[in-house]
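Chains as they are written, first to last, in our numbering: chain A, 1 to 405; chain B, 406 to 630.
Heads up, the beta-carbon is just placed ideally off N, CA and C, and yes, glycines get one too.
Just so we're clear, the structure is a prediction, and the values are computed from it rather than from any experiment.
Data first, discussion second: the structure below is written as structure tokens.
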Amino acid sequence: MRLIDLTIKELWHRKSQLTSGLLAITLGIGVIVGIRTISVVSEKAVAVNLDNLGANILVLPQATSVDNYYSADIDAPTFPESYVEKIVTSTLPGVDNMSPKLTRRVKIGTENIVLTGILPKSEIASKPIWQQNGIQANKVNASCAPKPGTAPAKYLDPKLQRKGIQDLAESDCFVGSAVAQRLNLKEQGTLTIEKKSFSIVKVLPETGTVDDDRVFANLHTVQKLLGTGEQISAIEIMGCCSAISDGLLSKMRNILPDTRITTIGQIVATQIETNRMMNKISLVFLIIILFVGSISIGNYIWANVNERRKEIGILRMIGYHKRHIYYILVLKALIMGIVGGIAGYIVGTLAAVWLGPQFIGIAVSPIYTLLLLSIGLSIFISVLGSLIPAYMAGKIEPFSNMQED
Amino acid sequence: MLIQINNLTKTYQRHDGAINAVDNLSLDIPKGSYVTITGASGSGKTTLLLILGGLLQPTSGKMKYNAKELDLQKEKDMATFRSNHVGFVMQSFALIPYLTALENISIALNVKENDKDKNRKRALELLEWVGLSDRTTHYPKELSAGQQQRVAIARALANNPDLLLADEPTGNLDPSLSEEILGILKEINQKQGTTVVMVTHSPMAAEYGNTKIQLKNGKLQIIKN
């Protein structure tokens with residue numbers, strides 16, 4: 001029987017102590033991993049948004065929260081669809097493309113999905129008044145044209161561009177990649193939402209945003225399905241950069257005074273601020289967990305040493321040196337550190353994957369490199385906490401076992 | 406001579422002043438002898454046993470083992486001395502509760518030898534010798550008091566010690582089991598030539614020794630050969 005076997009047997013022998021000790025490390029590491037995972041994914045999402053989306057404009061009801069561009073419309077309050085006409089008929093220059101939307105969370109079986117009603121280009125184009133004064137006319141407005149000698153703005157990642165959908169029949173839908181995967185949906189298949197059957201026209205490529213969790217259907221079908229009447233929750237506008245800098249937003253605010261009109265840049269700035277805050281929080285947590293975790297493990301090992309005084313005395317009596325006692329206790333802390341690090345990574349990652357979409361509206365995927373960091377940090381905390389109790393255990397006299405219970 | 410002690414003193418500081426548990430004691434213990442130490446509670450017999458086994462550092466005095474002087478203040482040397490030369494049998498058996506009978510012996514063997522298979526074989530031999538070959542996977546709480554003490558004796562013999570120290574080995578046993586354990590210790594002394602030093606309150610147990618020592622207030626009172 002080697003000392004490592006003895007250590008493992010002792011750990012197993014005191015399961016309740018082991019559980020409480022492990023829980024402390026697991027939760028500590030879990031919190032750090034959770035915050036870090038969401039923060040890293042969120043930073044990436046912001047970077048992608050900034051790279052790809054340029055100067056999009058979002059028209060939302062006044063009371064809407066705009067923490068995240070991609071999820072701002074989900075379950076937002078609504079405003080009349082006629083606002084689209086107000087923008088179109090205003091002949092504002094720089095409104096390049098427009099997409100009114102109504103978005104709500106719905107359940108398909110046990111899965112939560114985001115149902116978004118959109119108006120296809122063909123329907124917008126079919127309205128004569130819009131054709132005369134609106135988008136179609138403004139498309140050729142000089143303010144949108146690239147200046148001579150400059151390349152037109154392009155999306156770095158074309159799959160992230162929210163392109164206008166040309167046609168979308170009343171019973172057709174597009175599904176995001178994550179929804180398709182979760183519900184095992186294929187193109188040309190069918191999908192039933194709220195007792196209405198939709199034909200799946202296309203499974204959209206993965207974007208890494210909440211759009212992957214969306215099902216896009218015709219706006220008017222969604223309005224009927226949800227019983228909202230002619231209401232929408234957002235209008236997304238592809239505005240020209242130069243027009244925005246020329247005061248397009250303030251002009252639009254004059255037309256729609258009871259709405260919130262913002263650009264992706266403003267929303268992203270909020271998100272960057274949130275990310276900065278999360279980074280600071282994770283640093284504060286890291287410092288707290290380093291202290292609290294080490295003290296907690298130290299306390300646990302110290303209680304363990306006191307409980308094992310007799311046992312340590314026996315080992316010393318049969319010839320084990322002080323260094324063997326240090327080894328046993330530090331090895332125990334090391335094992336707990338490894339197990340706690342792995343468990344903490346799993347708990348933190350699961351929490352981030354589950355809570356990320358709920359709270360900040362981004363799809364979070366595991367960051368595998370954090371596993372090694374979790375284990376490393378967990379071992380550091382555990383071993384650091386065990387050093388003083390191990391040193392004190394070395395001072396236990398070898399005749400401690402002679403004291404009768 | 407296996408052990409020679411000269412002018413050994415162990416002083417404990419108490420709130421009401423210093424007390425000499427062992428007081429300027431000199432004693433020779435020949436190889437292969439069976440020494441029993443008796444005396445009233447607080448006479449210093451257990452303290453003397455602890456010093457002989459390198460478990461407790463004396464305040465002053467010298468001790469030679471096989472004519473070689475031991476540095477009793479050097480903790481590291483005393484741990485090596487214990488693992489190489491001394492086996493202990495305690496009144497409370499001193500077994501590790503979450504290890505089986507076999508593992509309790511193997512853990513003692515592991516101090517000197519890392520070979521798992523070799524240690525297992527030796528542990529099985531010892532358990533067979535004390536008549537517990539059918540209890541190898543039993544935990545201490547699953548064994549009777551007499552069986553636990555036999556496991557403790559097997560562990561004490563694990564590293565072939567020259568000196569076996571027993572502190573009230575029958576203190577927790579009934580008379581018939583006591584005789585059984587004392588018989589095993591006698592057999593170890595006679596057949597293997599191991600020097601046995603036993604502390605006891607029991608006059609019956611003391612009779613097993615070929616040298617009988619009585620202590621009073623940390624001093625040798627009577628030696629009978």
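Could you list which residues in chain A have their beta carbon closer than 7 Å to that of B/K481, in chain order? Here residue 481 of chain B corresponds to residue number 76 of the second sequence, with the count starting at 1. Going along chain A in sequence order, the residues near B/K481 (Cβ under 7 Å) are H321.
Find out if the Cβ-Cβ distance for the pair B/N515, A/M336 is shorter than 8 Å. In the second sequence, residue 515 of chain B corresponds to position 110, counting from 1. In the first sequence, residue 336 of chain A corresponds to position 336, counting from 1. No; because the gap between Cβ atoms is not below 8 Å, this pair is not in contact.
Using a C-beta to C-beta distance shorter than 8 Å, which residues of chain A count as neighbours of B/N515? Along the second sequence, read from residue 1 onward, the residue named residue 515 of chain B stands at position 110. M1, R2, L3, listed in chain order.
What residues in its chain sit with their C-beta under 6 Å from that of A/K139, if we drop five residues either side in the sequence? Walking along the first sequence from the start, residue 139 of chain A turns up at place 139. In this predicted model, A/K139 has a pLDDT of only 39, less than 50, meaning its place in the structure is not dependable enough to derive any value.
Which class does A/N299 belong to by DSSP, given the choice of helix, strand or coil? Against the first sequence, residue 299 of chain A aligns to sequence position 299. Helix.
In chain A, which residues lie less than 7 Å from B/E508 when you measure between Cβ atoms? In the second sequence, counting from the first residue as 1, residue 508 of chain B sits at position 103. Correct list: M1.
Residues in its own chain within less than 7 Å of A/P80 by CB, not counting five upstream and five downstream? Within the first sequence, the letter at position 80 stands for residue 80 of chain A. Cβ neighbours of A/P80 beyond the five flanking positions: E230, Q231.
Amino acids of chain A, ordered along the chain, whose beta-carbon sits closer than 9 Å to that of B/L620: In the second sequence, residue 620 of chain B corresponds to position 215, counting from 1. Here the premise fails: no neighbours, minimum Cβ distance about 17 Å.
Using C-beta distances below 6 Å, list every residue in its chain close to A/I261, excluding the 5 sequence neighbours before and after it, in chain order. On the first sequence, residue 261 of chain A is found 261 positions in, with the first residue counted as 1. Apart from sequence neighbours up to five positions away, the residues of its chain that approach A/I261 with a beta-carbon distance below 6 Å are V59, L249, M252, R253, ordered along the chain.
For B/Y357 and B/N429, what's the separation of their Cα atoms in angstroms? Chain B is shown from 406 up to 630; residue 357 of chain B falls before or after that span and cannot be answered.
Which of the three DSSP states, helix, strand or coil, is assigned to B/D428? Here the question's residue 428 of chain B lines up with position 23 in the second sequence. Here DSSP, grouped into helix, strand and coil, assigns B/D428 to strand.
Taking Cβ-Cβ distances shorter than 8 Å, what residues in chain B pair up with A/I314? Counted from its first residue, the first sequence places residue 314 of chain A at position 314. Chain B residues near A/I314: A499, L500, I501.
Okay, do the region 384-398 of chain A and the region 317-332 of chain A touch, 3+ Cβ pairs below 8 Å being the bar? With three or more CB-CB distances shorter than 8 Å, the region 384-398 of chain A counts as touching the region 317-332 of chain A.
Among the candidates A/D211, A/L168, A/R182, A/P205, whose CA atom is the shortest distance from the CA of A/S199? Taking the first residue of the first sequence as 1, we reach residue 199 of chain A at position 199. Among A/D211, A/L168, A/R182, A/P205, the Cα nearest to that of A/S199 is on A/L168.
Kindly confirm or deny that the region 333-347 of chain A and the region 20-34 of chain A touch, where touching means at least three C-beta pairs closer than 8 Å. Short answer: they touch.
Please state if the CB of A/L204 and the CB of A/S233 are separated by a distance shorter than 8 Å. As a working mapping, residue 233 of chain A is identified with position 233 in the first sequence. As a working mapping, residue 204 of chain A is identified with position 204 in the first sequence. Cβ atoms of A/S233 and A/L204: not closer than 8 Å.
Can you round the beta-carbon distance between A/S99 and A/L119 to whole angstroms, since I take them to be within the 8 Å contact cut? Numbered from its first residue, the first sequence carries residue 99 of chain A at position 99. Numbered from its first residue, the first sequence carries residue 119 of chain A at position 119. A/S99 to A/L119, Cβ: 7 Å. Contact.
Taking DSSP's pairing of strands, which residues face B/I442 in a bridge? As a position in the second sequence, residue 442 of chain B is number 37, starting the count at 1. Answer is B/V604, B/I618.
What residues are listed by DSSP as bridge partners for A/P80? The residue given as residue 80 of chain A occupies position 80 in the first sequence. A/P80 is bridged to A/Q231.
Using the three-state DSSP reduction, which class does A/V353 fall into: helix, strand or coil? Within the first sequence, numbered from 1, the residue matching residue 353 of chain A stands at position 353. Three-state DSSP puts A/V353 in a helix.
Beta carbons nearer than 9 Å to chain B: which residues of the region 3-32 of chain A have them? If the cut-off is 9 Å between Cβ atoms, the region 3-32 of chain A has L3, D5, L6, K9, E10, W12, H13, R14 near chain B.
Does the beta carbon of B/P545 fall short of 7 Å from some heavy atom of the ligand SAH? In the structure on display, the ligand SAH does not appear, and there are no ligands present to speak of.
Taking A/E10 as the reference, which of B/S438, B/F498, B/E508, B/G466 has the closest Cα? As a position in the first sequence, residue 10 of chain A is number 10, starting the count at 1. When each option's Cα is compared against that of A/E10, the closest is B/E508.
Quick one: what's got a C-beta closer than 7 Å to B/Q553's C-beta in the same chain, skipping five residues either side? As a working mapping, residue 553 of chain B is identified with position 148 in the second sequence. Answer for B/Q553: F498, L500, P545, listed in chain order.
Nearest-angstrom beta carbon gap, A/I108 and A/I193 [assumed within contact, 8 Å]: Counting from 1 along the first sequence, the entry for residue 193 of chain A is found at position 193. Counting from 1 along the first sequence, the entry for residue 108 of chain A is found at position 108. That belief holds up - the Cβ atoms of A/I193 and A/I108 are roughly 6 Å apart, short of 8 Å.
Which class does A/L248 belong to by DSSP, given the choice of helix, strand or coil? Locating residue 248 of chain A in the first sequence gives position 248, counting from the first residue. DSSP, reduced to helix, strand and coil, places A/L248 within a helical segment of the structure shown.
Under 7 Å Cβ-Cβ, which residues of chain B neighbour A/M278? Here residue 278 of chain A is taken as the residue at index 278 of the first sequence, counted from 1. In chain order: nothing, as chain B lies at least about 44 Å away.
With H, G and I counted as helix, E and B as strand and the rest as coil, what does DSSP make of A/M98? Along the first sequence, read from residue 1 onward, the residue named residue 98 of chain A stands at position 98. In the three-state scheme derived from DSSP, where H, G and I count as helix and E and B as strand, A/M98 is classed as strand.
Could you tell me which residues DSSP pairs with A/F216 in its beta bridges? As a first step, residue 216 of chain A is located in the first sequence; it is residue number 216 there, counting from the start. In DSSP, A/F216 forms a bridge with A/T116, A/F174.
So, is A/V284 buried or exposed, given that buried needs 16 or more other C-beta atoms within 10 angstroms? By one-based count along the first sequence, residue 284 of chain A stands at place 284. A/V284 is exposed by the Cβ-count criterion.
Going by DSSP in three states, A/S199 sits in which element: helix, strand or coil? Within the first sequence, numbered from 1, the residue matching residue 199 of chain A stands at position 199. Strand, per DSSP.
What in chain E is Cβ-close to B/I512, meaning under 8 Å? Going by chain labels, chain E is absent from the structure shown, which instead holds the protein chains A and B.
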